[in-house]
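Encoded as C-alpha cells, the structure appears first; notes follow it.
Residue numbers (our numbering): 762 to 930.
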C-alpha cells in the first residue's frame, strides 16, 4: 500500500480526520448520521403505504436529542429544515434522549422530491458528499456530514415523490 503513495490510504491503520466532523463544526452545526432504516431496504419499500407507519409530518423522520431540539425550538412532530452547503431537506422531528447530543439521524433511502432547491421528502443524499472511500478502494464512503437545523414555519409543500407520473400515449 505504501508504494501507491495515496495520502488517503496509508500502509498502516491511521486516524484520518474527515473533512466534516464535530471537531471542525461551529456551535450551531450538528453531526448528521445517515443510518440504514429498519423499515426498508435502501430506497426500496419507500412507497406511500409503508411510509404511513414511520413518516413524521408526512416526511422522512429526523432523530434529534432533547436538548438540541429545545435549543432550536423544535418539538416532536414539527417539520424541520435541515441544510448545509450541498442542499436542504424537510424532515419530521422525533425528539428523544436516545441519540447523542450534537448528533441527528436521517435514514438513507428516501425518494428525492426536489422543488426549488428543497427536497420535500427528506432525502439525506442531498446533504452528503459524493466521494469514494479512498483512491485505492473507490467504495462507498460513510455518509456523514455537518448540518444546520431549524423549525420549518412555512406551509408544508405538497409531496410529489409518490404521485403516479403522467403517461402520454
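Where is the CB? At the ideal position from N, CA and C, for every residue including glycine. This structure is a prediction, so every number in the text was calculated from the model and none was measured.
Residue i: buried (16+ other C-beta within 10 angstroms of its C-beta) or exposed?
i, result
"residue 798", "buried"
"residue 928", "exposed"
"residue 812", "buried"
"residue 868", "buried"
"residue 883", "buried"
"residue 881", "buried"
"residue 900", "exposed"
"residue 839", "buried"
"residue 917", "exposed"
"residue 781", "buried"
"residue 930", "exposed"
"residue 796", "exposed"
"residue 831", "exposed"
With C-beta atoms as the reference, is residue i less than 7 Å away from residue j?
i, j, result
"residue 937", "residue 893", "No answer is possible for residue 937: it lies beyond the span of the chain, which begins at 762 and ends at 930."
"residue 850", "residue 856", "no"
"residue 888", "residue 915", "no"
"residue 803", "residue 859", "no"
"residue 762", "residue 772", "yes"
"residue 834", "residue 764", "no"
"residue 896", "residue 767", "yes"
On a Cα-Cα basis, can you pick out the residue from the options that is closest to residue i?
i, options, result
"residue 885", "926, 776, 794", "794"
"residue 735", "856, 787, 872", "With the chain represented from 762 up to 930, any question about residue 735 goes unanswered, as that position is not in the structure."
"residue 905", "786, 763, 772, 775", "786"
"residue 874", "835, 838, 920", "920"
"residue 910", "796, 877, 788, 923", "788"
"residue 924", "784, 810, 768", "810"
"residue 907", "818, 767, 791", "791"
Taking CB distances under 7 Å as the criterion, tell me whether residue i reaches chain B.
i, result
"residue 882", "Of the chains in the structure shown, none is chain B; there is only one protein chain."
Inset, instruction - Mind the definition here: the stretch 819-827 touches the stretch 848-866 only if three or more C-beta pairs lie below 8 Å; say whether that holds. - result: yes
Legend entry - Start-end ranges of the beta strand (DSSP E) lying completely within the stretch 852-920, minimum 3 residues: 864-867, 905-912
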